[in-house]
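Below is one structure; the comments refer to it alone.
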Amino acid sequence: MTYEEAVFYVIAAVTVAGGLGVVTARNVVHSALFLILALMGVAGVFVLLASEFLAIVQVLVYGGAVTILILFAMMLTRVRDIDGPIDGPQRPIAVLAAAVFLGTTVLAVKETAWRGNTEEATVVDINQIGDALFTTWAMPFEIASLVLMVALVGAIVLARGEEGE
Amino acid sequence: MDLVLLALIVIPLAVCPLFMLIPSQYPQLSRYLAALAGTALLVLSALVFIVYEFDGGSGLRFELQWDWLENIGFLGENGITFYLGVDGVGAPLVLLNGIVIFAAVFVSWNITHRTKDFFILLFLLVSGVYGVFISQDLFFFFFWYEVAVLPMYLLIAVWGASSEFPTFSRPKEYGAMKLTMMLVGGSVLIFIAIFALFVEAGAGTFDMTVLREQSLDEDFQKWVYPLFMVGFGVLAGMWPLHTWSPDGHVAAPTGVSMLHAGVLMKLGAFGILRVGMTLLPEGAEFWAPVLMALGVTGAVYGSVSALAQTDLKYMVGYSSVSHMGFVLMGLASMTQIGVNGAVLQMFAHGAMTALMFTNVGALYDQAHIRDMTQFGGIAKRMPRHSAFFAIAGLSSLGLPGLAGFVAEFHIFVGVFRAGYWWAGGLGILSAAITATYVLRMLARAYFGPLNDKWDGLKEMRLGEQFAGAVLIAMILFMGLWPAPFIDRISETVEMIPGITG
Amino acid sequence: MGMEQAWLIPAIPAAAFAILLIFGPYLPRRGDWLAIAAIGASFVLVFPVLADLLDRADGTTYVAGEKAWEWISFDLGSVGETFEIEIGFYVDPITIVMLAVVTLVALMVQVYSIAYMKGDSRYGWYFTVMSLFAASMLTLVLANNLLLLYAGWEAVGFCSFLLIGFWWEKRSAAEAAKKAFITTRVGDVGLLIGIIMLWHEGPNTFNIQEIIHFAEGGGYGDTYLTAAVLFLFMGALGKSGQFPLHVWLPDAMEGPTPVSALIHAATMVVAGVYLVARMLPLFEVADPIALNVVLIVGLITVMLSATMGLAATDIKRVIAYSTLNSLGLMFVALGSSAVAAAMLYLFVHGFFKALLFLGAGSVIHATEEQDMNRLGGLAAKMPITAATFAIGTLAMIGLVPLSGFWAKDEVLVFAEEEQHVIVYLVLLSSLAITGLYMARLFVRTFLFAPREQATYDHAHEGGALITVPLLILGLLAAVGGFVVFDEVGEALGFPGGFAQFVFLHEAHQFDFQLDTAITSTVLAGGGAVVGWVLWQGKAELAARIRDAFSPISTLLANRYYVDEVYQFAIDRVVLVLGGIIAWFDRVVINDRGVNGSAYIAYFTGLEARLLQTGRIPNYALAIVVGILILAIVMLVTQV
Amino acid sequence: MSASLQWELLAPEYLLAGWAAFVILIELFWGGLGKERLGWLAALGAAGAGGLSLIWVDDAKQFGELADINDYTTLFRVLFCGIGATVCIISARYVSDRLLHPSEYYALILLAVIGANGMAAAHELLTAYISLELLSFSLYALTAYAKFDLRSNEAGLKYMLLGAFSSAIFLYGIGLIYGTTGSTQYAVIGDVLSGDTSDIEWGVYLGLAMMIGGLGFKVAAVPFHMYTPDAYEGAPIPITALISALSKAAGFAFFLKLFAGAFLPLIDDWRYFIAGLAVATMALGNLVAIQQRNMKRLLAYSSIGQVGYLLLGIAALSHDAASALVLHLIGYAVTNLAAFTCVILYYNWTGKEEIGEYKGLAERAPYLALCLTIALFSLAGMPLFAGFATKFILFQAAADQDLLWLAGVAAFFSFVSLYYYLIVIREMYLGEPEEKTRFPTPWLEYTALAVLIAGVFLVGLYPKPVLEAVEGSTATIFVGGELESGEDLVGAP
Amino acid sequence: MIPIDNFLVLSAILFSLGMYGVLARRNAVLILMSVELMLQAVVINFVAFAVYLDPEAFTGIIFAVFVIVIAAAEAGLALAIILRLFRNRQISNVDEANLMKW
């Protein structure tokens, strides 16, 4: 087992641990923190996948924006004071479903003969990514900007308090 | 002259918007318009019937074929065409429809609630009926078939009447809903059968004149024909799918009952003949015994149930079931005589049952009950009304000289000729039972000492008398001189594959 | 004007009917004159037709005349035949006999009716229907094919329905009319089946002569033919009121008396006899069973009606029973294939039975009373009626030399010669009984002290319109029988005499056997005398006998309970069955079947909508499950 | 690899986007402009975009390797823009009475239309996915737009969370397909799949299943439909109309193009699953609809039923079936918009949306009742109206592909559907209104309604022109590009 | 060198965890977080495929970028809606939000 693999397993362990924490923690804030952990783990995975650019994006967008957003939301909705169990009655079925899904997926992953070099990750030059993003993928890029605008407008319209509130 | 058939469909459709333009505070106006349209239709229908004469081939006349949808996907050259044409079987029924709508307009003269809406729906119904009788394209055949069902719900539910009985009650919504759902349910089977037929024929067209040329695989015919048989059978009041008919007729307003029992039920039998037997002769041959059995059951069953009714309208409703049973018997005989009889019976029953409903309606409008046991001796107060009812009844029990006899006689002869002794015997017996309930009704309600409660009854309205007179004229015409009908019918029937002599 | 124009005979009354129906109310005297003129014309027309027939007679056989119009006709493509129904008329001696009786009696009756129906609110309607009846009856008689015959058959039934129910305000009249129509209708089921059977295996035509020819050529299978003719005979049963379908005839007396005279004595009820007579060759070709059935039915009817006649007290009913009696006799004759005898009896019976009814009518007209227990002694007040009635009675009883005697005698001769002795004895005994009740009728009505003074005082002889028809008919009833003598027949211009005339087949002489004649006369006369003795004066004797045999007398008074049986069958069986089926239709087929299937959909929806819990996790679960199922099934099936 | 991009091909989308911004700004700077006029303004923009897209009729261009601008796109652009415009018009009154921030509302509608256009135009999964998200996001926001209406919030939440969840699943599926075929181009995927797939079938099938799930969610196919009734009921009614028309149409445009372009080679593997979905969808939609008491909810379930019929077209995927599907889609969109217009108008007057509260409508607003009746009958597949013709052609197409049984099931359930439509009609015509007063006559809405009904009649009585247009457009989406009608298809039975 | 399967399995695990979270959790925010987790898994998938199988076109990486963007926007919009719901009804548990059912 090469040292990359060792590193991979460590990072993977961290990520999975984080994910597990997110969905099992009894305390919402804890699971938020676990989420950060998982996200960081994923960033590490990106590094292993030789796409540092994504790792950076990941850290900035997620570790920065999203988690903060989520924490804010928690604060505002005072989820701490919410009484009652944190998991729904559906939990056992959920376990089952997730397990079955996992089994199927893993089986599929194993059974599929991926066409190409499955052993060696190729480094993709970040400049190419930049080019592609603004040339080949211009249309999605523009639409994505609209998506952001929609999210923005929608969020503002919905979240902002009105007179008499 | 070529456009006459088109006119038959277009006129009733065209008056609908005209009705809408009439302000609803002038109901009289819409009545006049309705009368106008009805008369026009009667004249045109009569024209079609008179001018029609068989000229070889499939006997189609006044043909008119317009492209509608072709060369698209599965549709080949003239895939779906707006194809009108009337043959010897269609012509009498067109005439019948003209007469009944004409009569129905005058009977409906006293509709005061939402008059124009009523007439709109009524004429929509009529256009559908005409369409079925004269469409030669399977798609449009089915199209108009559904159009004829479309307005029924509102016609019955809005202008109908609920009825209460000691042991049960039949709200008008129920009757209307049951009728609509059963008819549309039947058309589901037709739907499927048409799809299958189209694919199997592989001619890429719905033109029935083309489809009847395709020789279809026998096994295929055997499993598809029952779909048509049952699907159309529902509308033909085929036992045991008849229950919509009595309840529906009872709930419906008089004019609608007339059209419905008089013409609409014929669409079913017509469909079995025009689509089922014509396109799938071998299938028809294979299932003829079943159809015969169902027809006989309906005939006897209907007449016996009618015997047990005290409600006049229910009695008439069940008598319709019984008479449509005769029609099915005639068709199932697959002999020329029997099928002629079936078509004649369609006409005869159409006229006389319309007459019966006219009478029942006229009586109900005054008395507000239909229980024959509560009447008695009202012939004293309503002589014409009683005479009309008696004539209708006598025609239905097959008195020679009236339409019913000619038709039923042909049917029985045909059935015997096809070798169904038991069926023929039972059929004739059920005709005798018919006599029993008709006379029982006359004796109960019309003869005997006048029940003082009905001292105030007046003769039925002139409009109704007029309508009744027209219908009686038809009954007598066909009863005394059936040749014009038979000449037209038989040559066409002769052309239908699978029909033996 | 020959046989080819015979169609005019029914056509004229038919035209009269049409006119009366439409313009009747606006005609002077409601158009009774028109009706009478029409029937009179028909009566007159009979003679040229007869003459024509006689002219065409070569030696001893007659050439029948025929005339037909096509009514329905179309090719049966695949078999190359043609399905044809004609409106055709056929004249032969039997027809002529019927025509004569019908037109003459009808004429008499209608004249009589002018007085009898005077002042009735539906006077005009009466004559309208009468014309229709005449037209249909004559059509029936002249029809050359079974279908036209059936048409006339139904039409006369319908007329009798209208006329029995003429006073429909009376519940009893309405019911009687209904009963008559339905009962005969039951028979007609058989008739129609028989007709269709004859057509089906036959020469693809309804023409009577062709069918007979075909049958005589052995065209039909033996059993098949037997079945067919027996079905035909069912029709005859209904119309001619033979057992077991006789129940309607006595009730039919609810109608006006002239109607009873015309329809329920002289004409319509003998249509059955006429039919069988026409079709007799078929019966002869068919298995002997057929004729025996006819014979036995006739016998039963004879005995039943005769005995029931003893118990009835309504004079019209008594006469009705006597009619049944006579009809039975005719069927016995036919049963022994004695057409001539049957037709002769039919011929004279028309006269004396009409006479009896009209007489009774005159009594009723005079007294408004038809229960013989309240009458009596009328002879003094109404001599003509009494005299003619006496003639009628004696003719019915069958005493020399009145017409009844000769006819009945012929039947007896046949019975003796060709049938089992029992038949003969039964007939003889029935004669005695006939004598009894006819005597009773006459005695109780016309002789001795009146039982109700009021009615008696009120009684008076009717006007000429009533008496003249009585006299004419009385004359005919008296002398009508002499046609049996071939000399008379020839004198009247029938080559070979009446029998020859009627009996187209091998020449058959009326033979007159003294012994038979004497026996019958003695029995009948004796019966009459006994009747006289029993019911003279206050009729204590009769009363005592009645009490002595009370069970029998009640049985007779209740007409052997046949009506009760039928009533029971209708109320407890037919109507109940109808009720059951109606219930089945509503509850089982509709509520279970139709509504049931609707409810299935309804409740499925009701349950299915509960899946929609409104909780996001459940929704998510649904999605996941959906995908897992898709994925797993896909992988399992496709990999 | 980067083709020179012809931006002008996207002119309609730019117009829409710009117009959206314009609408927002104009409200800022010219408050005097009434709320209703904003709606008409937005409608104008949408209509303009629709007109603009007509430039490319009978044209076959490509935008990079991302999108086609051909008849298929044009057809749907016109359809979507039309839907958008209609919704804007019928929203005007409702919005001005009941909602805050009208300009953003209209802007979001226009942006949604862009997303829909993208879904129809894209021939590449990334673009399609982004467009789909654009559409979805706008709809999420709009569903929750009635800020103080609890049901609206709840609907928004459900729609949003489940949407995110399903799009995650969809993405995972895309990932697998991408991994196995090495591309997101429909054509490439199609080529790979028409080759030997035995080595990668595990990944392919799993990915396929998950993509079907994601698309199923978009078009509301059982069992992925769960959010639909709640979203329909909670959302502001015009938005309900928008979801039922726009997002379904766009979903099917995408579904059809993807499966025709990429997955057709495997049709024998997936057709029966789609057929199964279709049956489940028809059954559940129509049966549960019988139980509904709320008009919006009823229409929601009825639209689920309609999805069932539409899936027939996918299951029987062939050129004919595709055309039939699109035809039915058009007919359905028009009819449904008509129905919703009536519902909105009634709600504007009375604020009522329970079926029971429609009683006596025929007395108070005959024209409205008539139009609603026509629309409902058309949805039930009654003749004279669009429903009959389109259903007939669609089912016949399915029967042509040996799916007679499926066509039969569909026919049966469209018969069941008649029942609950009749219930509504009964209320309108038989019920006695509380008060007799006639309703006012809103000319603009009535005109829009008249146009829609006219469309219903046109498709019902003479579908030929429409169908021919559809035929031409659907010919372009199949593997191997242009197809003559009826010609045999790769992998088709 | 790390075989691709490792990453794929990792992503599968993450995805399943997220799926479990969505199904099991009651709180809207937690569900949202679970969705984010699933999206992370998706991203890993894309990137892995891109760098291993499709390094020339590397569509996967582009896809990943967009997914991340979308995910962020999603979070924003979703949280806004959650807040709105909380303001109006003081609830953030999804199973309490069932005004509309059946």
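Chains as they are written, first to last, in my numbering: chain A, 57 to 221; chain B, 528 to 1028; chain C, 337 to 975; chain D, 141 to 633; chain E, 16 to 117.
All C-beta atoms, glycine included, are put in the ideal place defined by N, C-alpha and C.
Bear in mind that the values here come from a model prediction, so they are computed numbers and not experimental data.
Residues that DSSP places opposite residue i in a beta bridge
i	result
alanine 207/D	Phe203/D, Ala262/D
lysine 403/C	Phe425/C
threonine 1027/B	Thr862/B
isoleucine 599/B	Leu602/B
phenylalanine 419/C	Phe410/C
asparagine 661/C	None, per the DSSP bridge assignment.
glutamine 592/B	Tyr610/B
Where the alpha helix (DSSP H) through residue i begins and ends
i	result
arginine 634/D	Not covered by the structure: residue 634/D. The range shown for chain D is 141 to 633.
arginine 944/B	930–944
serine 765/C	757–782
aspartate 388/C	368–392
Three-state class that DSSP yields for residue i in the structure shown
i	result
phenylalanine 497/C	helix
serine 662/B	strand
tyrosine 318/D	helix
phenylalanine 128/A	helix
leucine 743/B	coil
glutamine 836/B	coil
leucine 635/C	helix
glycine 158/D	helix
leucine 801/C	helix
tryptophan 871/C	helix
lysine 514/C	helix
threonine 862/B	strand
alanine 479/C	strand
serine 449/C	helix
asparagine 543/C	strand
serine 690/B	strand
Closer than 6 Å: residue i CB and nearest the ligand SAH heavy atom
i	result
leucine 508/D	The ligand SAH is not among the ligands present in this structure, which contains no ligands whatsoever.
Residue i: first and last residue of the uninterrupted beta strand (DSSP E) it sits in
i	result
isoleucine 607/B	607–613
**Q.** Residues of the region 940–960 of chain C whose Cβ lies closer than 8 Å to any Cβ of chain E, in chain order
**A.** From the region 940–960 of chain C, only Arg945, Leu946, Gln948, Thr949, Gly950, Arg951, Ile952, Pro953, Ala956, Leu957, Val960 have a Cβ closer than 8 Å to chain E.
Q | Residues, ordered as in the chain, of the region 382–412 of chain D that lie near chain E by beta-carbon distance below 7 Å | A | Listed in sequence order: no entries.
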